[in-house]
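Below is one structure, written out as structure tokens; comments come after it.
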Amino acid sequence: MWVVNMIEISQLTKKFDSFTAVDDLSFKVAEGEVLGFLGPNGAGKSTTMKVITGFLAPTHGSVTVDGHNIATDPIAVKSLIGYLPEGAPSYPDMTTLEFLDFIAEVRGFTGEEKQRRIQKVIDDVELGSVCHKTIDTLSKGFKRRVGLAQAIIHDPKVLILDEPTDGLDPNQKHHVRQLIRNLAKDKIVIISTHILEEVSAVCSRAIIIARGRILADGTPKELEARSAYHGAVSIRLTEDFDLPAALAGDPDVREIEQVGDSGRHFILLPVAGRHLFNKVSEKSQNGHWPVAEFHMVEGLLEDYFRHVTQDSALANAGSISTEQQG
Amino acid sequence: MNKMQIIFQRELAGYFATPLAYVFIVIFLVMSGIFTFDMGAFYERGQADLMPFFNFHPWLYLFMIPAIAMSLWADERKTGTIELLMTLPVKLSDAVLGKFLAAWVLCGVALLLTFPIWITVNYLGDPDNGVIVAAYLGSWLMAGGFLAIGSCMSAMTRNSVIAFILTVAICFVFVACGTEIVLNAFAWAPQFLVDAIAALSFLTHFDSISKGVLDIRDILFFVVFIASWLFASAIVIEIKKAN
Numbered sequence: 206m207w208v209v210n211m212i213e214i215s216q217l218t219k220k221f222d223s224f225t226a227v228d229d230l231s232f233k234v235a236e237g238e239v240l241g242f243l244g245p246n247g248a249g250k251s252t253t254m255k256v257i258t259g260f261l262a263p264t265h266g267s268v269t270v271d272g273h274n275i276a277t278d279p280i281a282v283k284s285l286i287g288y289l290p291e292g293a294p295s296y297p298d299m300t301t302l303e304f305l306d307f308i309a310e311v312r313g314f315t316g317e318e319k320q321r322r323i324q325k326v327i328d329d330v331e332l333g334s335v336c337h338k339t340i341d342t343l344s345k346g347f348k349r350r351v352g353l354a355q356a357i358i359h360d361p362k363v364l365i366l367d368e369p370t371d372g373l374d375p376n377q378k379h380h381v382r383q384l385i386r387n388l389a390k391d392k393i394v395i396i397s398t399h400i401l402e403e404v405s406a407v408c409s410r411a412i413i414i415a416r417g418r419i420l421a422d423g424t425p426k427e428l429e430a431r432s433a434y435h436g437a438v439s440i441r442l443t444e445d446f447d448l449p450a451a452l453a454g455d456p457d458v459r460e461i462e463q464v465g466d467s468g469r470h471f472i473l474l475p476v477a478g479r480h481l482f483n484k485v486s487e488k489s490q491n492g493h494w495p496v497a498e499f500h501m502v503e504g505l506l507e508d509y510f511r512h513v514t515q516d517s518a519l520a521n522a523g524s525i526s527t528e529q530q531g
Numbered sequence: 023m024n025k026m027q028i029i030f031q032r033e034l035a036g037y038f039a040t041p042l043a044y045v046f047i048v049i050f051l052v053m054s055g056i057f058t059f060d061m062g063a064f065y066e067r068g069q070a071d072l073m074p075f076f077n078f079h080p081w082l083y084l085f086m087i088p089a090i091a092m093s094l095w096a097d098e099r100k101t102g103t104i105e106l107l108m109t110l111p112v113k114l115s116d117a118v119l120g121k122f123l124a125a126w127v128l129c130g131v132a133l134l135l136t137f138p139i140w141i142t143v144n145y146l147g148d149p150d151n152g153v154i155v156a157a158y159l160g161s162w163l164m165a166g167g168f169l170a171i172g173s174c175m176s177a178m179t180r181n182s183v184i185a186f187i188l189t190v191a192i193c194f195v196f197v198a199c200g201t202e203i204v205l206n207a208f209a210w211a212p213q214f215l216v217d218a219i220a221a222l223s224f225l226t227h228f229d230s231i232s233k234g235v236l237d238i239r240d241i242l243f244f245v246v247f248i249a250s251w252l253f254a255s256a257i258v259i260e261i262k263k264a265n
């Protein structure tokens, strides 16, 4: 299949005074991808999004969207993008309908086409009940949905959502994710989040950044596979049994982790690249272990996320102390 | 419909969607009434003109206009909507102009609603209506000057109260530098400097327009003044929007 690189970011750096928010970031996003932007607070997620959408000018580097450079042709880029800024800002004195009408007009729609589009997003995001309420009287969830509605009203090729589900209840979250999945087919979607289950739920690709740098880039499955828990097995026993002794000396078992205080629930971590399931299953049958429950553990994105972001923090702290010594 | 017009309409509708426009207009009318009839001695003068009405406009505007201008950009930054506005396919110049024009039209509406004073003076005597029209035009241009300063100050901060105070202070400079007191204080200076200071004042240009002298230079002063401050607004927004 011909893959079109809709967004190309090369060597993007953004500094605020002496603070470097985004540090030499390069990546490409192709049509049809849903890219999850992961990172701890202050990692540079929002700043990167602000540069892509043309709100901030980069200190170095370039951003092109569908061949248009944001620096030289900002209006063309902005026309292609639908953007939900962090916190979903909107004009508090306007009613939902007035606000969407304003956005639709700015996006160049008039007459029946405008009405049709407003009606469609109101249906898609379920805003029917709050059409005539002023936005400052709406709940956080509704405000977020109004923000989402304005971002998709022109059916943009690129949808950039900064923490789209922040502050929503579980049902609303589910609904918004469904919506994002439906929208994603012929678009690029970039969402930032620190809810990791969201990445597994909606994203086809995830980038983990911290301190303005990319630490990992891959499908959620690939990143999970890099977790220490990848290939691990969970065992729960019916009675006391010395599991560590039974597995002692096994070259494939890296670590035995106890879960809870019962002393009967363990997670066995494999040496990287090994799978324990078959082997341990066999052993337990041969050794007549009192097994109540035995299953494979999926790699944990959360574990991997903590692993890479904390490592980078440590590495950074280390470099600072060496600088001081020097 | 062009983008500036869309923003203009949204802003203007915004003024009337909240009590702001009504409060502004009512206070403006009450204050101009007090200034004209009480302090300006409209009746006692026994002259059929609106000089007492227009003479107080610079001082009335000094506090009224910054109250409108203060929220132009400060509120956008405070609520974060500036990020929304600046990522829509809208040129910055369209946004700056659209917002300014909406506020300016609001001033114009307030000014037009002072028409009972014009009817009164026509009922009582036989004024030169050409002079009055010129003075209205001059007053509106001057309001634009105040507003343009306010637009720039509002872009400086996300706190609209600070924007208000800054605007009042700078507007005061541009009003006061035409008064006798200030000009006398520069008596030691060479004449061209005194003239230059006087030429920067709203008072100098407004006085001649309000006497019915529609000099192109006075009109040009206000037009260039407004354009410069709006240009400065755009630069300030560009620099400060990220903070």
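So the protein sequences, as listed, match chains C and G. The numbering of the first sequence is this note's numbering, which starts it at 206 and goes up by one. The numbering of the second sequence is this note's numbering, which starts it at 23 and goes up by one. Every residue, glycine too, gets a C-beta built ideally from N, C-alpha and C.
DSSP beta-bridge partners of V458(C): Taking the first sequence and counting its residues from 1, the one referred to as residue 458(C) is at position 253. Answer by DSSP bridge pairing, in chain order: P475(C).
Min CB distance Q529(C) to chain G below 8 Å: Here residue 529(C) corresponds to residue number 324 of the first sequence, with the count starting at 1. Reliability fails at Q529(C), whose pLDDT of 39 lies under 50, so the model's placement of it is uncertain and no value is given.
Under 8 Å between C-beta atoms of S223(G) and W95(G): Numbered from 1 along the second sequence, position 201 holds the residue referred to as residue 223(G). Numbered from 1 along the second sequence, position 73 holds the residue referred to as residue 95(G). Against a cut-off of 8 Å, the Cβ pair of W95(G) and S223(G) comes out as no contact.
L473(C) beta carbon less than 8 Å from that of V458(C): As a working note, residue 458(C) is residue 253 in the first sequence. As a working note, residue 473(C) is residue 268 in the first sequence. Yes, Cβ-Cβ distance for V458(C) and L473(C) is below 8 Å.
Cβ of R32(G) within 8 Å of any chain C Cβ: Taking the first residue of the second sequence as position 1, residue 32(G) is located at position 10. It does: the Cβ of R32(G) has a partner Cβ on chain C nearer than 8 Å.
Segments of 4+ residues assigned as alpha helix (DSSP H) that fall wholly inside the segment 46-121 of chain G: 64-67, 73-77, 79-91, 93-101 and 103-108
Extent of the continuous alpha helix (DSSP H) run through L183(C): There is no way to answer for residue 183(C), as the model of chain C reaches only from 206 to 531.
Counted within 10 angstroms of its Cβ, other Cβ atoms place K233(C) as buried (16 or more) or exposed: The count along the first sequence starts at 1 and reaches residue 233(C) at position 28. It is exposed - the Cβ of K233(C) has fewer than 16 other Cβ atoms within 10 Å.
Simplified DSSP state of S405(C), which is helix, strand or coil: Locating residue 405(C) in the first sequence gives position 200, where the first residue counts as 1. DSSP places S405(C) in helix when its eight states are reduced to three.
Own chain partners of T370(C) with C-beta closer than 6 Å, once the 5 adjacent residues on each side are dropped: By one-based count along the first sequence, residue 370(C) stands at place 165. Correct list, in chain order: K378 and V381.
For F78(G) and S161(G), believed in contact at Cβ under 8 Å, the rounded distance: Indexing the second sequence from 1 puts residue 161(G) at position 139. Indexing the second sequence from 1 puts residue 78(G) at position 56. Going by Cβ atoms, the distance from S161(G) to F78(G) rounds to 10 Å, so no, they are not a contact pair.
Under the three-state DSSP convention, the category E528(C) falls into: Numbered from its first residue, the first sequence carries residue 528(C) at position 323. A caution first: E528(C) carries a pLDDT of 38, below 50, which makes its placement in the model unreliable, though a value can still be read off. Residue state, collapsed to three classes: helix.
Residues that K233(C) bridges to, as DSSP identifies them: Position 28 of the first sequence, counted from the first residue, corresponds to residue 233(C). K233(C) pairs with E213(C).
Where I219(G) falls: helix, strand or coil (DSSP): The residue you call residue 219(G) lines up with position 197 of the second sequence. In the structure shown, I219(G) falls within a helical segment according to DSSP collapsed to helix, strand and coil.
Contact with chain G by P375(C), beta-carbon distance below 8 Å: Position 170 of the first sequence, counted from the first residue, corresponds to residue 375(C). Chain G, which has no Cβ nearer than 8 Å to the Cβ of P375(C), makes this no.
Chain-ordered neighbours of G120(G) on chain C, where CB pairs are closer than 8 Å: Counting from 1 along the second sequence, the entry for residue 120(G) is found at position 98. Here the premise fails: no neighbours, minimum Cβ distance about 10 Å.
The segment 237-267 of chain C: positions lying closer than 8 Å to chain G by Cβ: K255, T258, G259, F260 and L261
Three-state secondary structure (DSSP) of D374(C): One-based indexing of the first sequence puts residue 374(C) at position 169. Coil at D374(C), not helix or strand.
Backbone secondary structure at T189(G) - three-state DSSP: Your numbering for residue 189(G) matches position 167 in the second sequence. Three-state result, T189(G): helix.
F189(C): first and last residue of the uninterrupted beta strand (DSSP E) it sits in: Shown here, chain C extends from 206 to 531; a query on residue 189(C) therefore has no answer.
Cβ distance (whole Å) where V351(C) is taken to contact L343(C) below 8 Å: For this step, residue 351(C) is matched to residue 146 along the first sequence. For this step, residue 343(C) is matched to residue 138 along the first sequence. At roughly 7 Å, the Cβ-Cβ gap stays under 8 Å, so V351(C) and L343(C) are in contact.
First and last residue of the uninterrupted alpha helix (DSSP H) at D8(G): With chain G running from 23 to 265 in the structure shown, residue 8(G) is simply not present.
Under the three-state DSSP convention, the category H265(C) falls into: Walking along the first sequence from the start, residue 265(C) turns up at place 60. Of the three classes helix, strand and coil, the one that applies to H265(C) here is strand, per DSSP.
Closer than 8 Å to chain G by CB, G292(C): Looking up residue 292(C) in the first sequence gives position 87. Yes, contact with chain G.
Contact list for the segment 292-308 of chain C against chain G, Cβ threshold 8 Å: G292, P294, S295, Y296, P297, D298, M299, E303, F307 and I308
Inter-residue Cα distance where the pair is F253(G) and H265(C): On the second sequence, residue 253(G) is found 231 positions in, with the first residue counted as 1. On the first sequence, residue 265(C) is found 60 positions in, with the first residue counted as 1. If you take the alpha carbons of F253(G) and H265(C), they lie about 26 Å apart.
Status (buried if at least 16 other CB within 10 Å, exposed otherwise) for D516(C): For the purposes of this step, residue 516(C) is taken as the residue at position 311 of the first sequence. By the 10 Å Cβ count, D516(C) comes out exposed.
Members of the segment 310-323 of chain C near chain G, C-beta cut-off 9 Å: E310, V311, R312, G313 and T315
Limits of the beta strand (DSSP E) - the one that V239(C) falls within: Position 34 of the first sequence, counted from the start, is the residue given in the question as residue 239(C). Per DSSP, V239(C) belongs to the beta strand (DSSP E) from V239 to L243.
Straight-line Cα distance separating G62(G) from T339(C): Walking along the first sequence from the start, residue 339(C) turns up at place 134. Walking along the second sequence from the start, residue 62(G) turns up at place 40. Straight-line Cα distance between these residues: approximately 43 Å.
CB contact check: K25(G) to chain C, cutoff 8 Å: Locating residue 25(G) in the second sequence gives position 3, where the first residue counts as 1. With 8 Å as the cut-off, K25(G) counts as an interface residue toward chain C.
CA-to-CA distance, D466(C) to M501(C), given in whole angstroms: Here residue 501(C) corresponds to residue number 296 of the first sequence, with the count starting at 1. Here residue 466(C) corresponds to residue number 261 of the first sequence, with the count starting at 1. Between M501(C) and D466(C), the C-alpha separation is close to 21 Å.
Best match in D360(C), K488(C) and I461(C) for proximity to K390(C) [C-alpha to C-alpha]: For the purposes of this step, residue 390(C) is identified with residue 185 of the first sequence, where counting begins at 1. Answer by Cα proximity: D360(C).
Outcome for Q324(C) when other beta-carbon atoms lying within 10 angstroms are tallied against a minimum of 16: If you number the first sequence from 1, residue 324(C) lands on position 119. It counts as exposed.
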